[in-house]
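Read through the structure below, which is laid out as structure tokens, and then see the notes.
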Amino acid sequence: MGDNCCRRRGTVLGVGWRNPFAAPAASEADPLNAYFVILAGGGGSRLGHVRKAEIRLGGASLQERVANRLRIDRSAILISTGAGLSIPSAIGTALPDLDTPIGGPLAGILAAAAHLRHQASTDSVLLSVAVDTPFLPEDFASRLMEPLEHGARAAKACWRGNAYPTNAAWRLADLQDLPEQASAGPVAPSPRALLAQLGAVSVDWEATHASDPFANLNTLADLIDLSYRVQGSSD
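Residue numbers (my numbering): 11 to 245.
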């Protein structure tokens, strides 16, 4: 849940490539390279300590559903597996949290940034996705990338004014020094706090989605609601 949002639209699709049918702006810069991390380290404490990534809806795990919604080569996806865990993943590259004072979802984002340190240019973008968002919109990447292509430092997904800070776009340059900074002193403790610090642009899907595309899973009631929604969905 969260803060108020505004609506923005975007044009970038996939990993480091641009929609070939989109008309370029007159002074448009080269498209930004994009990388993806699925935040799958949650232990499901309110769900009997069942790992959310492994919960199945309609015959597919949450992790599989989110990976499918990203519409990219699965081998390019990074999977945050949480603190002290090195769980193999059939999808992409599994990444345990770094040994830093930072925990929770932000730790997974920073682990992905550290993994990309020597593989990606510092002007690249990391898109983070919560594993328990099985109805992630297919234009998730394109719409969140658009503000960054116009100079924003970060962007966060929203629906009807509620922000989902784990579903966001970040510049790698803003992430890669945070582990060292955390060892030296206080830093933003969560994705929400870091997004606020970076002045993140809010991107709202209310106009295009009647139901919350970022509906997530924290309780048994949420699981029942999402199960019914999957049954009534063509996805």
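The beta carbon of each residue, even a glycine, is placed where N, CA and C say it ideally should be. None of these values were measured; they are calculated from a predicted model.
Buried or exposed by the 16-neighbour rule on C-beta atoms within 10 Å, applied to residue i
i, result
"residue 241", "exposed"
"residue 61", "buried"
"residue 77", "buried"
"residue 129", "exposed"
"residue 157", "buried"
"residue 38", "Confidence is the limiting factor: at residue 38 the pLDDT is only 45, short of 50, which leaves the residue's position unreliable, though a coordinate-based value still follows. Per the 10 Å Cβ criterion, exposed."
"residue 71", "buried"
"residue 115", "buried"
"residue 152", "buried"
"residue 148", "exposed"
"residue 123", "buried"
"residue 203", "exposed"
"residue 117", "buried"
"residue 220", "exposed"
"residue 217", "exposed"
"residue 243", "exposed"
Among the options, the one whose alpha carbon lies nearest that of residue i
i, options, result
"residue 136", "100, 176, 168 and 71", "176"
"residue 132", "198, 52, 71 and 186", "186"
"residue 73", "216, 214 and 143", "143"
"residue 173", "162, 44, 210 and 51", "210"
"residue 171", "43, 63, 198 and 215", "215"
"residue 43", "63, 237, 159 and 64", "159"
"residue 63", "197, 228 and 198", "228"
CB-CB length for residue i against residue j, believed under 8 Å
i, j, result
"residue 86", "residue 107", "That pair is no contact at about 21 Å."
"residue 102", "residue 84", "6 Å"
"residue 212", "residue 166", "6 Å"
"residue 138", "residue 119", "5 Å"
"residue 226", "residue 235", "Actually they are not in contact, since the Cβ atoms of residue 226 and residue 235 sit about 10 Å apart, beyond 8 Å."
"residue 178", "residue 164", "6 Å"
"residue 161", "residue 93", "No, residue 161 and residue 93 are not in contact; Cβ-Cβ is about 34 Å, not under 8 Å."
CB contact flag (residue i, residue j, <8 Å)
i, j, result
"residue 46", "residue 88", "yes"
"residue 189", "residue 110", "yes"
"residue 192", "residue 112", "yes"
"residue 141", "residue 48", "yes"
"residue 146", "residue 79", "yes"
"residue 91", "residue 100", "no"
"residue 180", "residue 222", "no"
"residue 126", "residue 182", "yes"
"residue 184", "residue 154", "no"
Proximity test, Cβ basis, 8 Å: residue i and chain B
i, result
"residue 141", "The displayed structure is made up of one protein chain only, and chain B is not part of it."
TODO: Mind listing, in chain order, the continuous alpha helix (DSSP H) runs of no fewer than 4 residues lying wholly within the region 114-164?
DONE: 114-126 and 150-159
Open item on the list: My parser needs the beta strand (DSSP E) runs of 3 or more residues fully inside the region 157-210; what are they?
Closed with: 164-169 and 172-181
Open item on the list: So within the region 62-90, which uninterrupted alpha helix (DSSP H) runs reach at least 4 residues, ignoring any that extend past its ends?
Closed with: 72-80
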